[in-house]
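*Asks:* Following my numbering, the numbering of the sequence shown begins with 20 at its first residue and continues without gaps.
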Amino acid sequence: MPYNRIKWLILSIPTITIALWEYVRHAFLLPYISMDLGNLLAPIIVLLVTVTLVRMLMGMLEKVHKSLQQERAVKAGLMEREQLARELHDGISQSLFLLSVKLDRLEQETAGGQAAETVTQLRSTVRHVYEDVRQSIASLRTEPAVADVQWIQAVKQMADDFARIGLPVQVDWRLPDAMLTNKEKVELLAIIREAMFNVQKHARASRMKVRAAAEDGGFRCSVVDDGIGANLTELGAKGRYGVRMMKDRASAMGWRLDIAPASGEDGMNGLAVEVTKEGSGR
Numbered sequence: 020m021p022y023n024r025i026k027w028l029i030l031s032i033p034t035i036t037i038a039l040w041e042y043v044r045h046a047f048l049l050p051y052i053s054m055d056l057g058n059l060l061a062p063i064i065v066l067l068v069t070v071t072l073v074r075m076l077m078g079m080l081e082k083v084h085k086s087l088q089q090e091r092a093v094k095a096g097l098m099e100r101e102q103l104a105r106e107l108h109d110g111i112s113q114s115l116f117l118l119s120v121k122l123d124r125l126e127q128e129t130a131g132g133q134a135a136e137t138v139t140q141l142r143s144t145v146r147h148v149y150e151d152v153r154q155s156i157a158s159l160r161t162e163p164a165v166a167d168v169q170w171i172q173a174v175k176q177m178a179d180d181f182a183r184i185g186l187p188v189q190v191d192w193r194l195p196d197a198m199l200t201n202k203e204k205v206e207l208l209a210i211i212r213e214a215m216f217n218v219q220k221h222a223r224a225s226r227m228k229v230r231a232a233a234e235d236g237g238f239r240c241s242v243v244d245d246g247i248g249a250n251l252t253e254l255g256a257k258g259r260y261g262v263r264m265m266k267d268r269a270s271a272m273g274w275r276l277d278i279a280p281a282s283g284e285d286g287m288n289g290l291a292v293e294v295t296k297e298g299s300g301r
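Below, the structure written as structure tokens:
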């Protein structure tokens with residue numbers, strides 16, 4: 020029901036109730052109810068009807084108001100992310116691309132020797148950072164939409180995207196939509212995406228699996244792969260911005276993030292990135 024209609028109903032219910040009572044009393048009940056008793060019953064009936072209906076309408080009004088606030092928050096977040104993505108694209112992204120072009124030219128001018136090898140390494144580093152920036156821009160522009168679609172569809176779409184680049188993803192999703200707020204959906208999807216990108220870039224994996232399930236009022240979500248694994252000590256080293264980002268996001272939401280060797284189930288012997296939200300009863 021529209022917001023304005025609910026407000027007008029709340030304002031008009033007492034008037035409508037008293038009008039209906041007076042009509043019924045004079046048309047049908049006058050021979051049975053005295054004038055004094057009718058006058059006494061009128062405010063009681065108005066109060067009972069008004070309290071009953073207005074409580075229902077107030078509940079509806081609060082839901083509509085909350086929904087409007089969420090829409091405004093999502094819209095504001097979308098505008099902020101779009102602005103940040105535009106700044107990244109117009110500033111850092113274009114500067115990195117220009118730097119890459121200049122390094123290509125420098126490599127041609129210094130063909131052979133140690134200088135050329137250094138230029139090649141610099142160019143590889145710049146292109147790697149450029150791809151990371153592009154991924155960040157894509158994330159900024161797509162994450163707010165998670166709240167507008169069914170959660171499982173967003174996860175499966177991401178799995179399909181990785182499958183198209185030759186890295187099959189099995190999705191075992193048993194986490195109901197209702198268990199996650201819009202904010203939790205955005206943050207959890209960002210962690211899953213980063214974990215999957217790390218697998219694609221570093222693990223030399225041929226497949227991976229995304230699992231999630233409700234657990235004691237909370238949830239447990241993991242991304243596992245069949246790749247070469249990694250030195251767990253090195254994952255926290257400087258320059259590991261993807262791992263740091265995942266940990267920061269999980270910490271901000273009050274979740275626990277663990278990175279450990281996979282259990283070997285279903286042939287997954289690489290790494291397992293696991294996010295856990297403890298239930299309120301634990």
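Even for Gly, the Cβ is constructed at its ideal location relative to N, Cα and C.
Keep in mind it's a predicted model, so treat the numbers as computed, not measured.
Could you say if the region 282 to 289 and the region 234 to 250 meet the contact criterion of at least three C-beta pairs nearer than 8 Å?
*Replies:* Touching, yes, given that three or more Cβ pairs across the two stretches are closer than 8 Å.
*Asks:* Residues bridged to Met227 by DSSP?
*Replies:* Val188, Asp244.
*Asks:* Using three-state DSSP, classify Glu293 as helix, strand or coil.
*Replies:* The answer is strand: DSSP assigns Glu293 an E or B state.
*Asks:* Output the distance between the C-alpha atoms of Pro33 and Val65, rounded to the nearest integer angstrom.
*Replies:* Their Cα atoms are separated by approximately 6 Å.
*Asks:* Alpha carbon to alpha carbon, how far is Met177 from Arg212? Give it in angstroms, no decimals.
*Replies:* If I take the Cα positions, the gap works out to 8 Å.
*Asks:* What residues in its chain sit with their C-beta under 8 Å from that of Lys26, if we drop five residues either side in the sequence?
*Replies:* Once the five neighbours on either side are set aside, the close Cβ partners of Lys26 are Leu80.
*Asks:* Pick helix, strand or coil for Val168, following the three-state DSSP scheme.
*Replies:* Model confidence at Val168 stands at a pLDDT of 49, short of 50, so the residue's coordinates are unreliable; what they give is reported in the following sentence. Three-state result, Val168: coil.
*Asks:* Quick one: what's got a C-beta closer than 6 Å to Val243's C-beta in the same chain, skipping five residues either side?
*Replies:* The residues are Lys228, Ala281, Met287, Ala291.
*Asks:* Taking the beta strand (DSSP E) that Ile278 belongs to, which residues open and close that run?
*Replies:* First-last of the beta strand (DSSP E) with Ile278: 275 to 280.
*Asks:* Give me, in chain order, the residues of the same chain whose beta-carbon lies closer than 6 Å to that of Val168; leave out the 5 immediate sequence neighbours on both sides.
*Replies:* Note that Val168 scores 49 on pLDDT, short of 50, meaning its location in the model is unreliable and no value can be drawn from it.
*Asks:* State the CB to CB distance for the pair Thr36 and Val70, rounded to an integer number of angstroms; the pair is presumed to be in contact (CB under 8 Å).
*Replies:* At roughly 11 Å, the Cβ-Cβ gap does not stay under 8 Å, so Thr36 and Val70 are not in contact.
*Asks:* Taking Leu59 as the reference, give the member of Arg44, Val73, Lys85 with the closest Cα.
*Replies:* For Leu59, the nearest C-alpha among the options comes from Arg44.
*Asks:* Given a cut-off of 7 Å on the beta-carbon distance, is the pair Asp191 and Arg230 in contact?
*Replies:* Cβ atoms of Asp191 and Arg230: closer than 7 Å.
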